[in-house]
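Undergrad: Protein chains in written order, with this note's numbering: chain A, 455 to 937; chain B, 86 to 336.
Backbone N, C-alpha and C fix where the C-beta goes; we use that ideal spot for every residue, glycine too.
On a predicted model such as this, the values are computed, not experimentally measured, just so you know.
Pasting a structure below so you can have a look.
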């Protein structure tokens with residue numbers, strides 16, 4: 455296709471607008487700007503936390519102060535002024551709610567606008583939601599239904615209050631606060647998030663879901679999610695996120711920890727749609743996330759599925775530590791970058807147990823002037839005999855001003871294991887577009903169709919409720935962007 | 086008149102391929118366009134359907150009383166112009182069903198109609214599959230992916246049957262087909278022929294025209310139509326070869 459044609463189509467297709475960019479005027483309780491031990495004491499006090507929690511935060515903070523921001527990722531951004539961020543913002547009306555009537559109507563309205571009804575009567579059957587706005591969880595639905603099965607699904611703050619023994623036992627065991635710069639920061643200032651505990655032998659009858667929304671200005675969001683599935687437990691967990699359109703960058707640094715015991719399985723799906731910034735690259739969320747699962751038990755399984763369309767910068771590597779024999783780790787990812795977005799994302803599969811298996815399927819789609827990198831590590835330790843990994847990293851380029859990069863790291867320390875890596879790079883061809891056009895399908899729809907086809911393998915892994923949303927999102931993100 | 090091409094000149098990257106071509110097609114007619122390789126037959130099809138990169142430097146293409154040369158390809162398709170591709174394109178991960186449903190609904194939207202209900206669409210698919218003897222498993226596969234040459238061509242006719250165009254251009258639909266597939270394709274086309282539509286059949290060989298009998302045969306050479314006649318012209322051409330044509334065009 456000629457460059458001219460390419461560019462025209464590109465211009466047209468990148469006109470898509472971010473649809474969740476509104477801001478809700480809610481009275482907020484804010485922490486003073488900046489980060490000191492006082493900020494941490496402030497957050498901890500606001501949350502009426504026990505002493506051990508404050509101690510954990512302070513230890514993390516002191517460690518964070520000794521660290522330098524990592525620079526190895528294929529990302530470029532001006533230095534982040536960590537003293538210019540508000541680390542805690544909570545809607546003033548206290549979210550200690552027994553019924554929906556007590557929720558600020560503005561908040562309910564916000565979630566309605568996002569297409570997430572917190573009214574259990576109106577909810578899609580089969581999905582329980584924990585809604586987190588800025589620094590606090592607003593409402594968790596279907597808690598009673600889940601409790602009947604012994605499942606705990608609540609905000610992280612509630613878990614600290616009501617299930618301290620579980621939080622103490624598992625928090626930081628998969629992602630210790632010493633893990634990396636952003637993990638240390640999160641451990642110091644994290645405000646809320648979701649907690650989920652699946653007891654022995656229980657398969658959750660509902661899909662669980664957390665919906666994150668950044669609303670307040672100049673605020674960072676630092677949530678923490680912890681999921682524990684005891685022996686034979688199963689849960690499918692979904693996470694969605696959006697933010698208002700703002701000119702300044704906002705920081706989001708989260709931690710997700712998953713632990714599965716013998717024969718347990720957790721499926722974790724993400725549709726990440728933080729505000730990506732405007733077409734000139736102004737504003738947008740910096741998304742620095744540490745997600746890791748520990749397959750602790752034999753025959754346990756953790757699967758990550760992510761559709762990443764938002765954020766001006768994405769830095770995340772959902773990983774699996776395959777400790778139990780015969781355990782399985784999976785990572786399915788579609789990452790789309792447009793305009794000036796940058797993504798450095800991938801996975802780590804650490805094989806420790808015997809006969810462990812892992813799969814990585816990564817589909818990168820780059821448009822505009824964006825940069826999209828896959829970074830992955832497959833590490834097979836001496837004891838992980840007869841282990842297997844299969845990795846496939848595909849990149850699709852739309853236009854000639856974007857970049858796609860692949861950084862695979864493979865480290866195999868025994869003779870009996872097999873590691874396979876496949877990679878492809880392709881473009882949407884002018885032939886494909888014309889073929890669609892000739893059948894009456896306009897270029898924008900054609901790109902949506904082709905991109906969804908390209909990502910199908912991953913989209914198929916998403917729960918039904920999410921798959922449709924993800925498909926639409928892919929098309930919208932690339933509206934106005936291809937060649 | 087359905088299609089009226091006047092003094093058309095088409096260039097690709099500045100190089101003239103079609104050099105002052107005239108063609109008139111009425112509803113209810115089948116026109117065959119023959120000629121040796123590289124004379125601009127496929128370029129003509131691309132120009133009529135509005136492919137990017139095929140620049141109309143002179144002349145006009147009138148279709149249903151409007152000059153369409155400025156129109157985008159998808160709009161022309163929505164006005165009822167269909168091209169059966171010489172080399173159908175693969176679209177991985179997009180099922181035939183999804184593809185055709187998107188196409189039909191795009192065309193319906195253009196005409197101000199609501200999307201076709203799923204049930205009705207599936208019924209329509211079943212009906213049209215029989216027409217070209219296409220396998221059910223084929224429509225569940227990704228568009229043209231892993232199709233044999235013959236399957237791809239049948240699939241083009243299948244799409245044509247679903248979209249019911251007013252003007253269908255068949256670009257070397259016979260190339261690479263064995264005799265059975267050729268018969269199936271021709272049968273499909275013949276069943277779709279009516280007083281309300283027209284076909285332009287581009288082919289090298291007279292063979293296809295035994296099955297799809299044209300009302301007119303045009304011979305292209307060096308970017309122009311150098312001779313037009315009845316179906317007998319195809320036979321004459323087959324008999325005398327394209328060398329005869331060369332002399333003819335120089336005369």
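Indicate whether at least one CB of chain D lies closer than 8 Å to the CB of residue 212 (chain B).
TA: Annotation note: the requested chain D is absent from the structure, which comprises protein chains A and B.
Undergrad: Between residue 833 (chain A) and the rest of its own chain, which residues show a CB-CB distance below 6 Å, the 5 nearest in sequence each way excluded?
TA: For residue 833 (chain A), where only same-chain residues beyond five positions count, the Cβ hits under 6 Å are 804 and 865.
Undergrad: In angstroms with no decimal places, state the Cα-to-Cα distance between residue 740 (chain A) and residue 228 (chain B).
TA: Computed Cα separation, rounded: 38 Å.
Undergrad: Using a Cβ-Cβ cut-off of 8 Å (strictly less than) and excluding sequence neighbours within five positions of residue 835 (chain A), which residues of its own chain qualify?
TA: For residue 835 (chain A), where only same-chain residues beyond five positions count, the Cβ hits under 8 Å are 804, 805, 806, 867 and 868.
Undergrad: Residue 616 (chain A): buried (16+ other C-beta within 10 angstroms of its C-beta) or exposed?
TA: Exposed.
Undergrad: Judging by CA-CA distance, which residue of A:811, A:776 and A:819 is the nearest neighbour of residue 788 (chain A)?
TA: When only C-alpha atoms are compared, the closest one is A:819.
Undergrad: What are the boundary residues of the beta strand (DSSP E) that includes residue 108 (chain B)?
TA: Here the beta strand (DSSP E) through residue 108 (chain B) covers 100-110.
Undergrad: Over the uninterrupted beta strand (DSSP E) stretch that includes residue 256 (chain B), give me the two end residues.
TA: Where residue 256 (chain B) is concerned, the enclosing beta strand (DSSP E) stretches over 252-256.
Undergrad: Closest to residue 674 (chain A) by C-alpha separation, out of A:854, A:535 and A:879, would be which residue?
TA: Nearest of A:854, A:535 and A:879 to residue 674 (chain A), Cα basis: A:535.
Undergrad: Can you give the beta carbon distance from residue 680 (chain A) to residue 636 (chain A), rounded, assuming they're within the 8 Å contact cut?
TA: Contact flag wrong, Cβ pair sits at about 17 Å.
Undergrad: Which residues of chain B have a Cβ atom closer than 7 Å to the Cβ of residue 910 (chain A), listed in chain order?
TA: Correct list: 178.
Undergrad: Just the Cα atoms here: how many angstroms apart are residue 532 (chain A) and residue 233 (chain B)?
TA: For residue 532 (chain A) and residue 233 (chain B), the distance between alpha carbons rounds to 54 Å.
Undergrad: In whole angstroms, what separates the C-alpha of residue 579 (chain A) from that of residue 264 (chain B)?
TA: Only weak support is given to the placement of residue 579 (chain A): the predicted model assigns it a pLDDT of 45, under 50, and the value that follows is read from those uncertain coordinates. Using only the alpha carbons, I get a separation of about 55 Å.
Undergrad: Enumerate in chain order the residues of its own chain whose CB-to-CB distance from residue 542 (chain A) is below 6 Å, with the five nearest sequence positions on each side excluded.
TA: Here the set comprises 485, 497, 589 and 645.
Undergrad: Quick one: give me the first and last residue of the beta strand (DSSP E) that residue 846 (chain A) is part of.
TA: From DSSP, the beta strand (DSSP E) with residue 846 (chain A) extends over 842-851.
Undergrad: Could you tell me the distance, in whole angstroms, from the CA atom of residue 128 (chain B) to the CA atom of residue 103 (chain B)?
TA: Straight-line Cα distance between these residues: approximately 7 Å.
Undergrad: Going straight from the alpha carbon of residue 98 (chain B) to that of residue 135 (chain B), what length do you get?
TA: The alpha-carbon atoms of residue 98 (chain B) and residue 135 (chain B) are separated by roughly 15 Å.
Undergrad: Following the continuous alpha helix (DSSP H) through residue 888 (chain A), name the residue where it begins and the one where it ends.
TA: Start and end: 884-892.
Undergrad: For a contact meaning CB atoms closer than 8 Å, what does residue 256 (chain B) contact in chain A?
TA: Those do not exist, as residue 256 (chain B) stays about 11 Å from chain A at its closest Cβ, beyond 8 Å.
Undergrad: Please give the ranges of any alpha helix (DSSP H) in the segment 155-199 of chain B, keeping only runs that are unbroken, at least 4 residues long and fully inside the region.
TA: List check, alpha helix (DSSP H) in window: 158-163 and 181-195.
Undergrad: Comparing alpha-carbon positions, which option in B:179, B:318 and B:283 lies nearest residue 112 (chain B)?
TA: Ranking the options by Cα distance to residue 112 (chain B), first place goes to B:283.
Undergrad: Mind checking the segment 205-237 of chain B against chain A and listing, in chain order, the residues whose C-beta falls within less than 9 Å of any C-beta there?
TA: Flagged, chain order: 227, 228 and 229.
Undergrad: Pull up the distance between the alpha-carbon of residue 131 (chain B) and that of residue 523 (chain A), whole angstroms please.
TA: Looking at the two C-alpha atoms, the distance is approximately 55 Å.
Undergrad: Among B:317, B:107 and B:180, whose alpha-carbon lies nearest the alpha-carbon of residue 230 (chain B)?
TA: The shortest Cα separation from residue 230 (chain B) among B:317, B:107 and B:180 belongs to B:180.
Undergrad: Sorted by chain position, which residues of the same chain lie with C-beta nearer than 6 Å to residue 575 (chain A)'s C-beta, five sequence neighbours on each side aside?
TA: Residue placement at residue 575 (chain A) cannot be trusted, given a pLDDT of 45 that sits under 50; what the coordinates show is reported in the next sentence. No residues qualify anywhere along the chain.
Undergrad: At least one CB of chain B closer than 8 Å to the CB of residue 786 (chain A): is that the case?
TA: With 8 Å as the cut-off, residue 786 (chain A) does not count as an interface residue toward chain B.
Undergrad: DSSP beta-bridge partners for residue 799 (chain A)?
TA: Note: residue 799 (chain A) sits in a beta bridge opposite A:770 and A:828.
Undergrad: So which residues of chain A does residue 159 (chain B) contact, with C-beta pairs closer than 9 Å?
TA: Under the 9 Å cutoff, chain A gives 890, 891, 892, 893, 894, 895, 896, 897, 899 and 900.
Undergrad: Consider the Cβ of residue 483 (chain A): report whether some Cβ of chain B lies at a distance smaller than 8 Å.
TA: No, residue 483 (chain A) lies away from the interface with chain B (no Cβ there is under 8 Å from its Cβ).
Undergrad: With three or more C-beta pairs closer than 8 Å as the rule, is the segment 676-692 of chain A touching the segment 703-719 of chain A?
TA: Cβ pair count under 8 Å is three or more, so yes.
Undergrad: Does residue 137 (chain B) have its Cβ less than 8 Å from a Cβ in chain A?
TA: For residue 137 (chain B), the answer is yes, since a Cβ of chain A falls inside 8 Å of its Cβ.
Undergrad: Tell me whether residue 87 (chain B) is buried or exposed, calling it buried when 16 or more other Cβ atoms sit within 10 Å of its Cβ.
TA: Classification for residue 87 (chain B): buried.
Undergrad: Please classify residue 280 (chain B) as buried or exposed, where buried requires at least 16 other C-beta atoms within 10 Å of its C-beta.
TA: Its Cβ having fewer than 16 others within 10 Å, residue 280 (chain B) is exposed.
Undergrad: What are the start and end residues of the beta strand (DSSP E) that includes residue 303 (chain B)?
TA: Segment 301-306, the beta strand (DSSP E) holding residue 303 (chain B).
Undergrad: Quick one: what does DSSP say residue 93 (chain B) is sitting in, helix, strand or coil?
TA: Correct three-state label for residue 93 (chain B): strand.
Undergrad: Would a check of beta-carbon distances place residue 327 (chain B) closer than 8 Å to chain A?
TA: No, its Cβ sits nowhere closer than 8 Å to a Cβ of chain A.
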